[in-house]
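Asker: No gaps in the numbering here: position 137 of the sequence shown is 136 in numbering that gives the first Met the number 0, and each next residue is one more.
Glycine included, every Cβ here is placed at the ideal spot set by N, Cα and C.
Handing you a structure now.
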Amino acid sequence: MSEGDEADCPRRPASRAFVVMELLLERLKLLNYEEEVVARHNLKPLNRHYFVASRYLPSDPDEQFHMFRVIAAWLINTAGRSFPAPQENDDPTATASNILAELRALGGKGNFPPSNLLQGSGECVCFVLYQLAEKALKKRGFSFKRPTHARESTEDEFMMEDKAELTFDNEEDEMSDDEEEDEMDQEAVDPAEWALEVERVLPQLTAPIETDNKDWRSHVDQLHQHRDRIYSSLEQTMSFLHKLQEDISNNMKKLSSREESINFQLKHLIQEYRDGQAKMRDASEQYEKANGRMMDRTRVVAEVNDSLRKVKKQMEEKGSSMSDEAPVVKINQSLVKLNQEIAEMDVTISVLQHLLLQAKLREKHNMMCDMYATNIPDAAAEPFSPS
């Protein structure tokens, strides 16, 4: 593969991409990509047509572009350049431009826009990866060499041919002697017995010819035999296929005519069905609108019911408090208890008043006693005067 082919990858025929992809896969296997890329990044191994086109991959093209970025980054790093591992949030256009820049830095050719790499498949993708794989193999010191084929010496061939000629000449001499003897024997043998003997011995006289696998003539004969068989089978197959094609075309015509007749017969039913679908759509829209209004009113009713429930609860609480006699009983008990305390206080006050009166009387008595005691000595000191 020349550098000119690599530079003008979009102008090459489409079949070229299949060849480049197979060569790329061989070089990736030589670089042990199955362990260093597939196993490390948990990816699926490549097939022979992975990067040729998107239709050869059952999944979306994003998976191909992700695989292209991962393998390209690994090959660039293997070739001796530093390239970061691709991330999910990287810009695809910037990543493709960086890959082309690294390829040119390694001495590769990439005279096409980065947009040709965004699909993750195509001839440009195969050529870019192929060049990077070549650079990586060169970095690791690997190079392809011409195969060596073992050749037999010409002297041995000449010796084998001489031996074969000598053997053939000896066999011809023996056959001539045997023919003379047979002619002499046939004159003395009955022809009928000779014919029977020939029929008996004839199957044993067939000598198997051993074919050499290296003989090209046997290969050519086999090719002609296979070609004749293929042509004979092809004629039968083509006749069968033509007949099958006619049957299929006739059935297709019958089906198309039957379909047209059925469509014509069911035309009014189809129109009624379409009208019914239109009415059903209108009814569905009206139902949705009515359902929305009903939901709004249901929400309002629920709010009113909550307010009514709260009012009923308040009325029940007030009614139960008004009909309850417990407060009146408590008031009566409090009045009775208050009257008792008042009576006790009255008694206590009376006792205190009595004690206070006694204390006052006692004090008055003591004062009178003191006054009387002071008055008696004064009277005794005065002279007695008769009245």
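1) What does the alpha-carbon distance come out to for the pair MET321 and ASN331?
2) Taking buried to mean at least 16 other C-beta atoms within 10 Å of its own C-beta, is SER255 buried or exposed?
3) Taking the alpha-carbon of MET66 as reference, which of ALA78, LEU29, CYS125, LEU30 has the nearest alpha-carbon?
4) So, MET20 versus VAL51, is the Cβ gap smaller than 8 Å?
5) Specify, as a first and last residue, the run of the alpha helix (DSSP H) that PHE239 falls within.
6) Which one of GLU25, ASP227, VAL197, GLY119 has the shortest CA to CA distance from TYR129?
7) Please classify LYS134: is it buried, with 16 or more other beta-carbons within 10 angstroms of its beta-carbon, or exposed?
8) Give the straight-line distance between the Cα atoms of GLU33 and LEU27, rounded to the nearest whole angstrom.
9) How big is the Cα-Cα spacing for ALA289 and ALA301?
10) With burial defined as no fewer than 16 other Cβ atoms inside 10 Å of the residue's Cβ, what is the status of LEU136: buried or exposed?
11) Answer with buried or exposed for THR77, where buried requires no fewer than 16 other C-beta atoms within 10 angstroms of its C-beta.
12) Measuring alpha carbon to alpha carbon, tell me which of PRO113, LYS266, PHE17, GLU87 ends up nearest ASN97.
13) Do ARG80 and LEU45 count as a contact pair if the criterion is CB distance below 8 Å?
14) Using a 10 Å radius around the Cβ and a threshold of 16 neighbouring Cβ atoms, would you call ILE269 buried or exposed?
15) For a quick check, are the C-beta atoms of LEU102 and LEU131 less than 8 Å apart?
16) Sorted by chain position, which residues of the same chain lie with C-beta nearer than 8 Å to THR94's C-beta, five sequence neighbours on each side aside?
17) Roughly how many angstroms lie between the CA atoms of ASP305 and VAL328, to the nearest whole one?
18) I think GLY119 touches PHE64, with their Cβ atoms under 8 Å apart; what is that distance to the nearest whole Å?
19) Closest to ASP90 by C-alpha separation, out of HIS218, LEU117, GLN224, ALA71, would be which residue?
20) Would you mind giving the Cβ-Cβ distance between ALA71 and VAL127, rounded to the nearest angstrom? I have them listed as a contact below 8 Å.
21) Between which residues of its own chain and PHE167 is the CB-CB distance below 8 Å, once the five residues before and five after are set aside?
22) Around the Cβ of CYS368, are there at least 16 other Cβ atoms within 10 angstroms (buried) or fewer (exposed)?
23) For ASN250 and SER217, I'd like the C-alpha separation in whole angstroms.
24) Look at the Cβ atom of LEU29, then the Cβ atom of VAL36, and state whether they are nearer than 8 Å.
25) If you draw a straight line from the C-alpha of GLU234 to the C-alpha of GLU245, how long is it?
26) Starting from VAL51, follow the alpha helix (DSSP H) in both directions and report where the run begins and ends.
27) Let me confirm a value: TRP73 is counted as buried when at least 16 other C-beta atoms fall within 10 Å, else exposed. Which label applies?
28) How would you call LEU23, buried or exposed, if buried means at least 16 neighbouring beta carbons within 10 angstroms?
29) By how many angstroms is the C-alpha of GLN264 removed from the C-alpha of GLU284?
30) What are the boundary residues of the alpha helix (DSSP H) that includes SER96?
31) Whole angstroms are fine: how far does the CA of GLU324 sit from the CA of ARG357?
32) For ILE75, count neighbouring C-beta atoms within 10 Å of its own C-beta (all shown protein chains included) and say buried if the count is 16 or more, exposed if not.
Answerer: Reading it off the structure:
1) Working through the sequence shown from its first residue, we reach residue 321 at position 322. Working through the sequence shown from its first residue, we reach residue 331 at position 332. Going by the C-alpha atoms only, they are around 17 Å apart.
2) Along the sequence shown, one-based indexing puts residue 255 at 256. Result: exposed.
3) In the sequence shown, the residue the question calls residue 66 occupies position 67. MET66 has its Cα closest to that of CYS125, out of ALA78, LEU29, CYS125, LEU30.
4) Numbered from 1 along the sequence shown, position 21 holds the residue referred to as residue 20. Numbered from 1 along the sequence shown, position 52 holds the residue referred to as residue 51. Cβ atoms of MET20 and VAL51: closer than 8 Å.
5) Locating residue 239 in the sequence shown gives position 240, where the first residue counts as 1. Segment 215-264, the alpha helix (DSSP H) holding PHE239.
6) If you number the sequence shown from 1, residue 129 lands on position 130. Comparing C-alpha distances from TYR129 to each of GLU25, ASP227, VAL197, GLY119 shows the shortest one belongs to GLU25.
7) Reading the sequence shown from its first residue, position 135 is the one you call residue 134. Answer is buried; the Cβ neighbour count reaches 16.
8) On the sequence shown, residue 33 is found 34 positions in, with the first residue counted as 1. On the sequence shown, residue 27 is found 28 positions in, with the first residue counted as 1. If you take the alpha carbons of GLU33 and LEU27, they lie about 8 Å apart.
9) Here residue 289 refers to the residue found at position 290 of the sequence shown. Here residue 301 refers to the residue found at position 302 of the sequence shown. Each residue's alpha carbon lies about 18 Å from the other.
10) Counted from its first residue, the sequence shown places residue 136 at position 137. By the Cβ-count criterion, LEU136 is buried, with 16 or more other Cβ atoms from all chains shown falling within 10 Å of its own Cβ.
11) Start at 1 with the first residue of the sequence shown, and residue 77 comes out as number 78. By the neighbour-count rule (16 or more Cβ atoms within 10 Å), THR77 is buried.
12) Taking the sequence shown and counting its residues from 1, the one referred to as residue 97 is at position 98. Residue PRO113 is the option with its Cα nearest to ASN97.
13) For the purposes of this step, residue 45 is identified with residue 46 of the sequence shown, where counting begins at 1. For the purposes of this step, residue 80 is identified with residue 81 of the sequence shown, where counting begins at 1. Their beta carbons are not under 8 Å apart, which means LEU45 does not touch ARG80 by this criterion.
14) Residue 269 sits at position 270 when you count from the first residue of the sequence shown. Counting Cβ neighbours within 10 Å, ILE269 comes out exposed, since fewer than 16 surround it.
15) Stepping through the sequence shown from its first residue, residue 102 is reached at position 103. Stepping through the sequence shown from its first residue, residue 131 is reached at position 132. Yes, the Cβ-Cβ distance between LEU102 and LEU131 is below 8 Å.
16) Translated into positions along the sequence shown, residue 94 becomes position 95. Annotation for THR94: ARG68, PRO85 place their beta carbon closer than 8 Å to its own, counting only its chain and skipping 5 residues before and after.
17) Mapped onto the sequence shown, residue 305 falls at position 306. Mapped onto the sequence shown, residue 328 falls at position 329. Roughly 36 Å between the two C-alpha positions.
18) Position 120 of the sequence shown, counting from 1, holds the residue named residue 119. Position 65 of the sequence shown, counting from 1, holds the residue named residue 64. Correct: roughly 3 Å between the Cβ atoms.
19) Start at 1 with the first residue of the sequence shown, and residue 90 comes out as number 91. ASP90 has its Cα closest to that of LEU117, out of HIS218, LEU117, GLN224, ALA71.
20) On the sequence shown, residue 71 is found 72 positions in, with the first residue counted as 1. On the sequence shown, residue 127 is found 128 positions in, with the first residue counted as 1. With a beta-carbon spacing of about 7 Å, ALA71 and VAL127 fall inside the 8 Å limit used to define contacts.
21) For the purposes of this step, residue 167 is taken as residue 168 along the sequence shown, with counting starting at 1. Residue placement at PHE167 is flagged as unreliable, the pLDDT there being 48, under the threshold of 50; the coordinate-derived value follows with that caveat. Within its own chain, no residue has a Cβ closer than 8 Å to the Cβ of PHE167 once the five positions on either side in sequence are excluded.
22) For the purposes of this step, residue 368 is identified with residue 369 of the sequence shown, where counting begins at 1. The residue is exposed, with fewer than 16 neighbouring Cβ atoms inside 10 Å.
23) Sequence index remark: in the sequence shown, residue 250 carries index 251 (1-based). Sequence index remark: in the sequence shown, residue 217 carries index 218 (1-based). Roughly 48 Å separates the two Cα atoms.
24) Here residue 29 refers to the residue found at position 30 of the sequence shown. Here residue 36 refers to the residue found at position 37 of the sequence shown. No, these two residues do not count as a Cβ contact at 8 Å.
25) Working through the sequence shown from its first residue, we reach residue 234 at position 235. Working through the sequence shown from its first residue, we reach residue 245 at position 246. Cα-Cα distance, rounded: 16 Å.
26) As a working note, residue 51 is residue 52 in the sequence shown. Note, VAL51: premise wrong, no alpha helix (DSSP H); not H, not E.
27) What you label residue 73 is simply residue 74 of the sequence shown in a count that begins at 1. Flag for TRP73 reads buried.
28) Here residue 23 refers to the residue found at position 24 of the sequence shown. Buried: at least 16 other Cβ atoms inside 10 Å.
29) As a working note, residue 284 is residue 285 in the sequence shown. As a working note, residue 264 is residue 265 in the sequence shown. For GLU284 and GLN264, the distance between alpha carbons rounds to 32 Å.
30) Position 97 of the sequence shown, counted from the first residue, corresponds to residue 96. Segment 91-104, the alpha helix (DSSP H) holding SER96.
31) Translated into the one-based positions of the sequence shown, residue 357 becomes position 358. Translated into the one-based positions of the sequence shown, residue 324 becomes position 325. Looking at the sequence provided, one finds Gln at residue 357 rather than Arg. Between GLN357 and GLU324, the C-alpha separation is close to 49 Å.
32) Here residue 75 refers to the residue found at position 76 when the sequence shown is read from its first residue. Buried.
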